[in-house]
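Enquirer: Encoded as structure tokens, here's the structure I'll be asking about.
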Amino acid sequence: LYDRSDAEQLKKKLQQQCANCQVKTWQENIAFGASISKSFEMIGTILRVIGALLAGMVVFVVIFVDMINNKRQLGILKAIGVENKIVLSAYLLRGMFYVFSGVVFGSFLMWFVVIKLLKIHPIPMPMADVVPVLTNYAFVSAIAFFVLFGFIGAFIPARQILKRHVLDLLYK
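Residue numbers (our numbering): 50 to 221.
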């Protein structure tokens, strides 16, 4: 048996015996696997952030369109003395409802459809078939991104519309 410290010498002997063979030490193979793992983690993080940005933009559009369609009602609420922060809170709650509904639906879809489907049909890669793993950290960070961008997506249009004067809301 060989000692692990003799890996380089053993590698050279094996390459001399088989000129067409590609021989790697266990350290080289571990480094290669770690770099692939880090690449997949980075891709996952990028996809989570992009997904959360898209979700935030959807919440933004939904809240904005709803507020534009209800400008007159908003103007009446302002005219009778309802404070902006109450209306803002109502729209933030509506936005958070959309976000949490999306999180519940997306979680169900991810855990019970996508993950199960990928276990049955793994992604073919040159080195082996790959089955994505959804870690608790990735899951919680994705939810945190969705909540953050959803909150921002609800806050911005509500704040912008509520800054308008009562007469602008009632007659434009």
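Beta carbons: idealized from backbone N, C-alpha and C, even for Gly. Fair warning: this is a prediction, and the values are worked out from it, not measured in the lab.
How long is the line joining the alpha carbons of Val114 and Arg143, rounded to whole angstroms?
Expert: For the purposes of this step, residue 114 is taken as the residue at position 65 of the sequence shown. For the purposes of this step, residue 143 is taken as the residue at position 94 of the sequence shown. C-alpha separation (whole angstroms): 13 angstroms.
Enquirer: Excluding five sequence neighbours on each side, which residues of the same chain lie with their C-beta closer than 7 angstroms to the C-beta of Pro171?
Expert: By one-based count along the sequence shown, residue 171 stands at place 122. Answer for Pro171: Asp178, Val179, Val180, listed in chain order.
Enquirer: By DSSP, does Pro206 sit in helix, in strand, or in coil?
Expert: Here residue 206 refers to the residue found at position 157 of the sequence shown. In the structure shown, Pro206 sits in a helix (DSSP, three-state: H, G or I).
Enquirer: Given a cut-off of 7 angstroms on the beta-carbon distance, is the pair Phe195 and Ala104 in contact?
Expert: Against the sequence shown, residue 195 aligns to sequence position 146. Against the sequence shown, residue 104 aligns to sequence position 55. Contact: yes.
Enquirer: Inspect the CB distances between the stretch 205-213 and the stretch 119-135 and report whether three or more fall short of 8 angstroms.
Expert: Result yes; three or more Cβ-Cβ pairs closer than 8 angstroms.
Enquirer: Considering only their Cβ atoms, is the gap separating Leu218 from Gly124 smaller than 7 angstroms?
Expert: The count along the sequence shown starts at 1 and reaches residue 124 at position 75. The count along the sequence shown starts at 1 and reaches residue 218 at position 169. Yes, the pair counts as a contact, with Cβ atoms nearer than the cut-off.
Enquirer: Return the CA-CA distance between Phe188 and Trp160, expressed in angstroms with no decimal places.
Expert: Taking the first residue of the sequence shown as position 1, residue 188 is located at position 139. Taking the first residue of the sequence shown as position 1, residue 160 is located at position 111. Roughly 10 angstroms between the two C-alpha positions.
Enquirer: Taking Cβ positions, are Ala128 and Val215 nearer each other than 7 angstroms?
Expert: If you number the sequence shown from 1, residue 128 lands on position 79. If you number the sequence shown from 1, residue 215 lands on position 166. Closer than 7 angstroms, so yes.
Enquirer: For Arg121, report the span of its alpha helix (DSSP H) as first-last.
Expert: Working through the sequence shown from its first residue, we reach residue 121 at position 72. It spans 120-128 - the alpha helix (DSSP H) in which Arg121 sits, taken as one unbroken run.
Enquirer: If we count the other Cβ atoms within 10 Å of its Cβ and call it buried at 16 or more, is Ile112 buried or exposed?
Expert: Indexing the sequence shown from 1 puts residue 112 at position 63. Looking at its Cβ environment, which holds 16 or more other Cβ atoms inside 10 Å, Ile112 is buried.
Enquirer: With DSSP as the reference, label Val108 as helix, strand or coil.
Expert: By one-based count along the sequence shown, residue 108 stands at place 59. In the structure shown, Val108 sits in a helix (DSSP, three-state: H, G or I).
Enquirer: Threshold first: 4 residues or longer. Then list the alpha helix (DSSP H) segments lying entirely within the stretch 147-172, N to C.
Expert: As far as the stretch 147-172 is concerned, its whole alpha helix (DSSP H) runs of at least 4 residues are 164-169.
Enquirer: Using beta carbons (cut-off 7 angstroms, strictly below), is Ile201 in contact with chain D?
Expert: In summary, chain D is missing from the structure at hand, where a single protein chain is found.
Enquirer: Give every residue of the same chain whose Cβ lies closer than 8 angstroms to the Cβ of Met116, excluding the five residues on either side of it in the sequence, and list them in chain order.
Expert: The residue given as residue 116 occupies position 67 in the sequence shown. Around Met116: Leu123, Tyr140, Pro206, Ala207, Ile210.
Enquirer: Tell me, which residues are paired with Val179 by DSSP?
Expert: Within the sequence shown, numbered from 1, the residue matching residue 179 stands at position 130. Val179 pairs with Ile172.
Enquirer: What are the start and end residues of the alpha helix (DSSP H) that includes Lys60?
Expert: Along the sequence shown, read from residue 1 onward, the residue named residue 60 stands at position 11. Lys60 -> alpha helix (DSSP H) spans 56-66.
Enquirer: Would you tell me roughly how many angstroms separate the C-alpha atoms of Pro173 and Leu167, rounded to the nearest one?
Expert: In the sequence shown, counting from the first residue as 1, residue 173 sits at position 124. In the sequence shown, counting from the first residue as 1, residue 167 sits at position 118. Between Pro173 and Leu167, the C-alpha separation is close to 11 angstroms.
Enquirer: In its own chain, which residues sit with a C-beta less than 7 angstroms from the C-beta of Phe204, not counting the 5 before and 5 after it?
Expert: Here the question's residue 204 lines up with position 155 in the sequence shown. Answer for Phe204: Leu141, listed in chain order.
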